[in-house]
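Worksheet: the structure to be examined is printed underneath.
Number of protein chains: 2
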Amino acid sequence: MQQRSEETRAKILESAIRLFSMHGYNAASVDDICKGAKISKGAFYHHFENKQALFLALLDGWLKTIDNAIDASKDKTAPDTFTQMTEAFPYIFETAGEGLPMFLEFWLQASRDEKIWQASITPYRRYHKYFTTLIKKGVDEGSFVDVDPELASRMIMSTAMGLLLQSLLDPKGAKWEKVARDSTTLLVNSLLKK
Amino acid sequence: MQQRSEETRAKILESAIRLFSMHGYNAASVDDICKGAKISKGAFYHHFENKQALFLALLDGWLKTIDNAIDASKDKTAPDTFTQMTEAFPYIFETAGEGLPMFLEFWLQASRDEKIWQASITPYRRYHKYFTTLIKKGVDEGSFVDVDPELASRMIMSTAMGLLLQSLLDPKGAKWEKVARDSTTLLVNSLLKK
Chain A
1 MQQRSEETRA KILESAIRLF SMHGYNAASV DDICKGAKIS KGAFYHHFEN KQALFLALLD
61 GWLKTIDNAI DASKDKTAPD TFTQMTEAFP YIFETAGEGL PMFLEFWLQA SRDEKIWQAS
121 ITPYRRYHKY FTTLIKKGVD EGSFVDVDPE LASRMIMSTA MGLLLQSLLD PKGAKWEKVA
181 RDSTTLLVNS LLKK
Chain B
195 MQQRSEETRA KILESAIRLF SMHGYNAASV DDICKGAKIS KGAFYHHFEN KQALFLALLD
255 GWLKTIDNAI DASKDKTAPD TFTQMTEAFP YIFETAGEGL PMFLEFWLQA SRDEKIWQAS
315 ITPYRRYHKY FTTLIKKGVD EGSFVDVDPE LASRMIMSTA MGLLLQSLLD PKGAKWEKVA
375 RDSTTLLVNS LLKK
């Protein structure tokens with residue numbers, strides 16, 4: 001039973017990603033999502049309180065990928081942490097490829113809905129804090145030049161978010177995974193003490 | 195008459211920005227936009243063929259701000275061009291403040307609609323080319339280190355787009371205009387020949 005229930009949940013999530021990406025969060029109804037997943041409405045509400053709860057579950061799943069990449073690189077020097085992170089890029093860009101319009105939906109809905117905003121802003125601020133601490137560690141351990149950690153963290157977040165946006169807008173315009181890896185190298189090099 | 199016609203057009207654009215930002219491109223109808231602008235549907239269709247044409251006009255207006263900032267800084271050295279550009283930041287962030295959800299709508303609609311995609315991708319590629327040329331000029335004139343101009347241009351675009359996204363998500367989280375200015379300084383310094 002447990003396994004079957006998880007399969008149903010996965011089907012709902014897949015159907016939702018597809019529909020939100022194609023038609024948008026507002027246009028895709030719970031009915032549509034159930035039809036797409038070939039499940040009953042009863043099954044839907046067994047798993048999710050409403051469409052918003054489902055939306056937040058999608059956000060959560062996507063953030064876990066990033067969190068795992070971050071977890072895998074603790075106990076390293078700051079520059080090595082960045083290098084380690086790039087190993088998660090293929091996976092991030094692969095999953096993002098299908099879900100990128102979703103990613104934009106998160107921001108858009110967050111700008112309109114207090115609860116979704118809270119759910120988005122918390123991990124966003126957590127990443128900002130994480131990178132600020134990482135840069136500070138790099139400065140303290142003598143790897144990095146004396147840069148403002150807050151500012152460098154904002155730039156790293158900008159680069160990451162901006163790259164995702166560009167890869168959505170122009171998927172065939174560049175090898176985005178390579179651009180992301182090369183950008184990380186360039187960023188880290190500009191921070192490294194010569 | 196000419197003046198009155200321009201006022202009507204401006205009213206339609208304002209009403210559209212407000213409604214698209216609040217409810218989204220798909221949810222806001224031509225009817226809603228006319229009501230918001232207090233104009234007749236006839237007046238609407240005198241100015242715009244349809245909702246999509248209006249949407250593209252909004253994109254155009256926003257891009258003009260950026261183009262003007264770029265125009266103002268030609269004939270300077272590459273580093274000075276960047277410095278000059280920062281003078282447009284207050285205006286860009288001020289106008290973006292009200293229209294930022296719109297900015298996300300552009301990307302989202304572009305990922306779903308071929309015509310809007312074409313209209314977005316053309317200026318996007320133009321800016322990428324512009325920054326690639328600017329970086330190359332900086333390298334050739336001896337201001338910048340020998341960096342890959344294509345890559346540096348992608349990073350500049352990422353930083354700009356990522357900053358706009360962040361300022362939308364967390365408007366009170368930082369002084370975004372200052373972050374943008376400091377980021378530019380950091381970027382240019384990392385490119386400068388020491």
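Sequences listed follow chains A and B, in order. Numbering follows the working numbering, in which position 176 of the first sequence is assigned residue number 176; successive positions increment by one, without gaps. Numbering follows the working numbering, in which position 31 of the second sequence is assigned residue number 225; successive positions increment by one, without gaps. For each residue, glycine too, the CB sits at the ideal point set by N, CA and C.
C-alpha of residue 269 (chain B) to C-alpha of residue 387 (chain B): approximately 20 angstroms in a straight line. Ranking B:306, B:299, B:200 by CA distance to the CA of residue 22 (chain A) puts B:306 first. Between the region 150-162 of chain A and the region 334-354 of chain B, the count of C-beta pairs closer than 8 angstroms reaches three or more; the two stretches touch. Here the alpha carbons of residue 19 (chain A) and residue 255 (chain B) stand approximately 31 angstroms from one another. Not flagged as an interface residue toward chain A: residue 239 (chain B), since no C-beta distance is shorter than 7 angstroms. With respect to the C-alpha of residue 136 (chain A), the residue from A:25, A:42, A:118, A:77 having the closest C-alpha is A:77. The count of Cβ pairs closer than 8 angstroms, one atom from the region 361-377 of chain B and one from the region 121-128 of chain A, reaches three, so the stretches are in contact. The beta-carbon of residue 324 (chain B) is placed no less than 7 angstroms from the nearest beta-carbon of chain A. Judged by beta-carbon spacing, residue 4 (chain A) lies beyond the 7 angstroms limit of residue 47 (chain A), meaning their Cβ atoms are not closer than that value.
For residue 242 (chain B), the secondary structure class from DSSP, reduced to helix, strand or coil, is coil. For residue 121 (chain A), the neighbours in chain B by C-beta distance under 9 angstroms run, in chain order, 363, 364, 367. Shown here for residue 253 (chain B): same chain residues with a beta carbon closer than 7 angstroms to its own, the five before and five after excluded, namely 300, 313, 314 in chain order.
Taking a 10 Å sphere around the C-beta of residue 236 (chain B), we find fewer than 16 other C-beta atoms and assign the residue as exposed. Contact of residue 355 (chain B) with chain A is assigned, a C-beta pair being separated by under 7 angstroms. Any Cβ of chain B closer than 7 angstroms to the Cβ of residue 176 (chain A) would place that residue at the interface, and such an atom is absent. Along the region 266-278 of chain B, none of the residues has a CB nearer than 7 angstroms to a CB of chain A. Contacts between residue 348 (chain B) and chain A, judged by CB atoms closer than 8 angstroms, involve 163, 166, 174, 179, 183 in chain order.
Cβ proximity to chain B below 9 angstroms picks out 21, 22, 23, 24, 25, 26 from the region 12-26 of chain A. Put simply, the CB of residue 91 (chain A) is far from chain B, with every gap to its CB atoms at 7 angstroms or more. The C-beta of residue 158 (chain A) comes closer than 7 angstroms to at least one C-beta of chain B. For residue 310 (chain B) and residue 73 (chain A), the gap between their C-alpha atoms comes out near 40 angstroms.
The Cβ neighbour count for residue 343 (chain B), taken over all protein chains shown within 10 Å, is at least 16; the residue is labelled buried.
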